[in-house]
DNA sequence: AATCGGATGTGACAGTTGTCATGCAGAGGT
DNA sequence: ACCTCTGCATGACAACTGTCACATCCGATT
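Residue numbers (the working numbering), protein chains in the order written: chain A, 1 to 204; chain B, 205 to 408.
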């Protein structure tokens, strides 16, 4: 028998981390050598242990999974990264691939796919959630400008045009113009709807 | 040796569900007899299998964990329910306890606490996340009426007063009145802000 | 040099939202 | 019966929001 695949796991919810670890440890050909609670911890573990595969969540404190992937791409190119996340957002997938990730897996896929994905990625293959890959193929690009994004974020948090204008040193009319533009671009019916849509696409 | 504790698990993210199941199955005195993907499935599984303990997430499609707990309290009072969730919201905890839950556990607690909590609850004890319990002690009560909650939910999704009025068979003025009330009660500056505040407290 | 897109601004207008006073009907408590 | 609370409603007014037409400035592309 060949040596097991050595895996580092990164996930900020301790119980989910422990559970995923238990799940992978059930596989005789896979060995979880470190459980990291955030991206920073994972980065240092990878440096010390040089695993074969890294499985990481995206939204974590200190360092996100996407930042981690981007970092490892240059510092440890031999380590193959799988992003494991709740979010089926084409914007995230795009960023993950740009960061050199070899896999993008959703937490609502069956548990068996995790080990299988680790094996595939270890063999040098790519594993992209099929539904999301299809969607990303013809997904619109982010139509928002940087200003529109800034303003939409704040509007989505319940700030008024006046407050946003003050905060960003703009006139109130300008803020309303940007929001109107964003609403039109996203086909939304008001600022809140627009913020919601942008969030689900991973553009905020 | 006594018979193992029979557990039904409910969690909508399949991979997390499988992983938690694997984690509990590692314990010799615990046996996971059903994995449910939502509250409705869990409800029927409990009816068929009458487990000792139910471990359930809150936010799930078709039926939330809180609704499930409330339902089981009367239909199957012998089944002890543990809520396992990401959200440290005192409003959720309060609703969970009102719904007859015996445990409220956060997903960012160590993995070992899950099995331990199952055992304690099975022995008839309560298990409440200590930090959250302390916070809930002096947390404000939910000031919203049922109508206000319904309307605030929809407003927070970007629906206009008119749309909400049509959907709920109310007049537009009434919808605005309820929103105005909710905004005042929550000390918010507009409907969006109000929805945001209510959500972070677990009142939506 | 000419053009274009992005960032910024103004002014005007219509539509939506937030507030308040006030009213009415039904459910419960005294 | 009487009172009070809650849910629902209306109307009026002020404030906020969304849209549009138009204008200026700047940097990048052609």
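In this text, a Cβ means the ideal position worked out from N, Cα and C, and glycines have one as well.
Interface flag, residue i vs chain B, CB-CB below 7 Å
| i | result |
| --- | --- |
| residue 110(A) | yes |
| residue 150(A) | no |
| residue 35(A) | no |
| residue 22(A) | yes |
| residue 245(A) | Any answer about residue 245(A) is impossible in this case: the structure gives chain A only from 1 up to 204. |
| residue 158(A) | yes |
| residue 19(A) | yes |
Rounded Cβ spacing between residue i and residue j (contact assumed at less than 8 Å)
| i | j | result |
| --- | --- | --- |
| residue 117(A) | residue 105(A) | 5 Å |
| residue 185(B) | residue 273(B) | No statement about residue 185(B) is possible, as the shown extent of chain B runs from 205 to 408 and does not include it. |
| residue 55(A) | residue 82(A) | 5 Å |
| residue 299(B) | residue 340(B) | With a Cβ gap of about 11 Å, residue 299(B) and residue 340(B) do not count as contacting. |
| residue 152(A) | residue 195(A) | 5 Å |
| residue 277(B) | residue 303(B) | 6 Å |
| residue 14(A) | residue 313(B) | 6 Å |
| residue 7(A) | residue 30(A) | 6 Å |
| residue 214(B) | residue 261(B) | 6 Å |
| residue 146(A) | residue 178(A) | Not quite, the Cβ-Cβ distance comes to about 11 Å (not below 8 Å), so this is no contact. |
| residue 289(A) | residue 223(B) | In this structure chain A extends from 1 to 204, so residue 289(A) is not present and cannot be described. |
| residue 405(B) | residue 295(B) | 5 Å |
| residue 361(B) | residue 407(B) | That pair is no contact at about 16 Å. |
| residue 26(A) | residue 32(A) | About 10 Å; that fails the 8 Å criterion. |
| residue 40(A) | residue 63(A) | 5 Å |
| residue 209(B) | residue 326(B) | 5 Å |
| residue 154(A) | residue 172(A) | Contact doesn't hold; Cβ gap of about 13 Å is too wide. |
As assigned by DSSP and simplified to three states, the class of residue i
| i | result |
| --- | --- |
| residue 37(A) | coil |
| residue 335(B) | helix |
| residue 411(B) | There is simply no residue 411(B) to check, as chain B begins at 205 and stops at 408 in what is shown. |
| residue 19(A) | helix |
| residue 375(B) | coil |
| residue 159(A) | coil |
| residue 149(A) | helix |
| residue 273(B) | helix |
| residue 251(B) | helix |
| residue 188(A) | coil |
| residue 206(B) | coil |
| residue 166(A) | helix |
| residue 383(B) | helix |
| residue 125(A) | coil |
| residue 262(B) | coil |
| residue 304(B) | coil |
| residue 318(B) | helix |
| residue 310(B) | strand |
| residue 213(B) | strand |
is_contact[residue i, chain A] using C-beta, thresh 7 Å
| i | result |
| --- | --- |
| residue 331(B) | no |
| residue 218(B) | yes |
| residue 402(B) | no |
| residue 230(B) | yes |
| residue 249(B) | no |
For the structure I just gave you, are there three or more beta carbon pairs, one from the region 186–203 of chain A and one from the region 263–282 of chain B, closer than 8 Å? no
Would the region 25–40 of chain A count as touching the region 80–91 of chain A if we require 3 or more Cβ pairs under 8 Å? no
Which residues of the region 384–408 of chain B have a Cβ closer than 9 Å to any Cβ of chain A? Give them in chain order. 392, 393, 394, 395, 396, 397, 398, 399, 400 and 401
Determine which residues of the region 84–115 of chain A have a Cβ less than 9 Å from any Cβ of chain B, and write them out in chain order. 84, 86, 105, 106, 107, 108, 109, 110, 111, 112, 113 and 114
At least three beta-carbon pairs within less than 8 Å, the region 325–337 of chain B to the region 356–369 of chain B: no
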